[in-house]
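So the sequence shown is residues 0 to 431, counted in numbering that gives the first Met the number 0.
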Amino acid sequence: MKHLTVGQRSPLSNLAIDDTAPITLKFTRQSLIEMDISCFALDAAGKLINDDYMVFYNQPTSPCGQIKLTHYESQPTANKGIQAEFEVNLSKLADNIDSLFFVLSADTPLNQIQSLEIGIWQQSQKAHAEYQAADFAQQQASMLMQLYRKSGVWRVSNVAQGFNGGLAAIVQHFGGDVEESNPQVREPTVAPVQAKPSLEKVMLDKAPKLVNLAKKATISLEKRQLQQLTAKVALVLDASGSMNRQYKKGRVQEVVNRILPLAVNFDDDQALDCWAFARDPQYLGEIGLSNYDGFINNAHGGWRKWALGPRINNEAEVMKAVTEFYQKDGLDVPIYVLFISDGGVNDNRGITRVMTEAAKLPIFWQFVGLGGRGYGILKKLDDMTGRVIDNCDFFELDDLDDISEEALYENMLEEFPMWLKEAKQLGIVTSL
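Next up, the structure:
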């Protein structure tokens, strides 16, 4: 049986759980206060499918019948006892259900709960998580555990993220309706923020070669409700010797072309910051609509002349350079970093140290393995413990031609929206 520490993520298959068969989550508590346990079914944007997909004691079955609250005890007890059991059939959930969040809430601070355990069962107990009063502080709600899809695989995350404001705050966070306790009180009127021009129109005016990419990027942005997000975008390019083939074939320039629509959408300057690295990192400057075409062959004399020292891997050094660059810049908006590598990663300890510290900053790292192997710690960062928040994601491609542009944008933006929400709750991101 696997113990899941706070912040830990894992594919269900690593826990000997078959995601094509039903699983049961049992919540065992020792508590002298009343508390509630609910399950929220969310879409890819992290929003409640609809109010009927909040499964709790007063609504014990989802409309699809695949999420069921099969046992519930509401009375507090000084002895350990099972409060709730949920049965879920992940393989039969609709495609638009992207994750399930199991939430604890009470009318009083959760630190009055002596203990709480979650067990994941499938014939026998496969995994468990434990929480004590000190884990809850003064908050009245906590997003305890998440089951979510990633690249078609169901995974589990022990989130344990507290919320001020109780269950109502979480319902609103997930986009559900909450009855107004005092409907006579009105919120002050705020002038609407002017919408950004459409990405497609910007590209049509300034970079017509990228219009088709803009259309495909827009689909993913709209699905995740990111069209109006203001953020900075960075591109980090592996330029070690083993990447020569990717540069010669024009694959790295294709990466530039594909990420630029995201930068144009997110950044007020419609540009991204670019670094290359081998042993040494080099800041290559901004890439925008006026200089993106041929950037790889033109910037600083072209990729063969970049001042990177010996063409060996040193990921930790460029990650440190990117982090320091944005710390000096002020960190006033979230930052999305696309980090391209073909493997050969060896400084696992240095990378782990940088990523652990960077988790405290409003920087999300999307690592992409391109046509290589030996990705080392980059493949494992998504499940790394010891960080205040999961601040990265990883996927790999043998070749850019192996994936459609639509699927590429889906992969690039898969975990970014959830990080934004969690980072906002933790105060890491202060403006969205």
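No residue lacks a Cβ here, since even glycine has one placed at the ideal position from N, Cα and C.
Judging by CA-CA distance, which residue of the options is the nearest neighbour of residue i?
i	options	result
Lys423	Phe394, Ser241, Ile350 and Val387	Val387
Gln224	Lys125, Thr27, Phe173 and Phe394	Phe173
Gln227	Lys378, Asp42, Ala238 and Thr217	Thr217
Trp305	Gly349, Gln269, Glu86 and Trp274	Trp274
Leu11	Gln145, Pro62 and Ile350	Gln145
Asn88	Asn296, Asp266, Ser98 and Thr27	Ser98
Arg250	Phe363, Gly370, Val321 and Ile286	Gly370
Tyr374	Phe39, Lys420, Ala206 and Gly343	Gly343
Glu323	Gly164, Ala357, Ile295 and Asp331	Ala357
Leu14	Leu283, Trp153, Pro196 and Leu109	Trp153
Pro432	Phe294, Asn410 and Asn313	With the chain covering 0 to 431 only, the question about residue 432 has no answer from this structure.
Leu166	Leu412, Phe39 and Glu285	Phe39
Thr23	Ala320, Ser37 and Gly118	Gly118
What did DSSP end up calling residue i once you bin it into helix, strand or coil?
i	result
Gln252	helix
Met53	strand
Thr19	coil
Met0	coil
Arg154	strand
Ala438	The question about residue 438 has no answer, for the chain in this structure spans 0 to 431.
Glu33	coil
Val353	helix
Arg386	coil
Ala77	strand
Gln160	strand
Trp305	coil
Lys94	Per the sequence shown, residue 94 should be read as Asp rather than Lys. If DSSP states are grouped into helix, strand and coil, Asp94 belongs with coil.
Ser12	helix
Gln82	strand
Leu41	strand
Lys378	helix
Pro187	Unreliable positioning characterises Pro187 in this predicted model, as indicated by a pLDDT of 37, which lies under 50. The coordinate reading is nonetheless provided below. Coil at Pro187, not helix or strand.
Asp272	strand
Leu412	coil
Arg310	coil
Ile258	helix
Leu47	strand
Val263	helix
Just curious, the alpha helix (DSSP H) that residue i is in, first and last residue?
i	result
Asn211	Val210 to Lys222
Asn243	Asn243 to Lys247
Ile119	Here Ile119 belongs to no alpha helix (DSSP H); instead the beta strand (DSSP E) covers Ile112 to Gln121.
Asp328	Glu314 to Asp328
His172	Gly165 to His172
Phe294	Phe294 to Asn297
Val201	Leu198 to Lys205
For residue i, is the classification buried or exposed, using 16 other Cβ atoms within 10 angstroms of its Cβ as the cut-off for buried?
i	result
Gln74	exposed
Gln122	exposed
Glu84	buried
Val428	buried
Pro105	Checking the displayed sequence, the identity of residue 105 turns out to be Ala instead of Pro. Buried.
Glu414	buried
Lys208	exposed
Ala136	exposed
Gln245	buried
Gln131	exposed
Arg28	buried
Gly80	exposed
Ser180	Summary for Ser180: the model assigns pLDDT 47, below 50, so the residue's position carries little reliability; its value from the coordinates is reported in the next sentence. Counting Cβ neighbours within 10 Å, Ser180 comes out exposed, since fewer than 16 surround it.
Gln138	buried
Which same chain residues end up closer than 8 Å to residue i when comparing Cβ atoms and leaving out the 5 residues on each side of it in sequence?
i	result
Val210	Glu199, Met202 and Leu203
Arg185	With a pLDDT of 38 at Arg185, under the threshold of 50, the predicted position of this residue should be treated as unreliable, and no value is reported.
Asn95	Asp42, Ala43 and Ile48
Met354	Met318, Trp364, Leu380, Met383, Arg386, Asn390 and Cys391
Asp176	Asp50 and Val170
Ala133	Asn110
Apart from the five residues just before and just after residue i, which ones in its own chain have a Cβ nearer than 6 Å to its Cβ?
i	result
Ile169	Val102, Ala140 and Phe162
Leu259	Tyr291
Asp346	Ala315
Ser289	none
Arg310	Ser239, Gly240 and Ala277
Gly6	Thr384
Thr188	Low per-residue confidence applies at Thr188: pLDDT is 36, beneath 50, and the placement is therefore not dependable enough to give any value.
Leu399	Arg250 and Glu253
Report all residues from its chain with a CB closer than 7 Å to the CB of residue i; omit the five preceding and five following residues, and keep chain order.
i	result
Thr351	Ile376 and Met383
Gln65	Val87, Asn88, Lys91 and Leu92
Lys222	Ala43 and Ala44
Lys46	Phe173 and Gly174
What residue range does the beta strand (DSSP E) around residue i cover?
i	result
Gln424	Run containing Gln424: none in the beta strand (DSSP E); it sits in the alpha helix (DSSP H), Phe415 to Gln424.
Leu68	Ile66 to Tyr71
Leu443	Given that the chain is displayed from residue 0 to residue 431, the structure contains no residue 443 and the question cannot be resolved.
Ser141	Ala140 to Lys149
Leu396	Cys391 to Leu396
Leu283	Pro280 to Gly287
Ser336	Position check: residue 336 holds Val in this sequence, whereas Ser was assumed. First-last of the beta strand (DSSP E) with Val336: Ile334 to Gly342.
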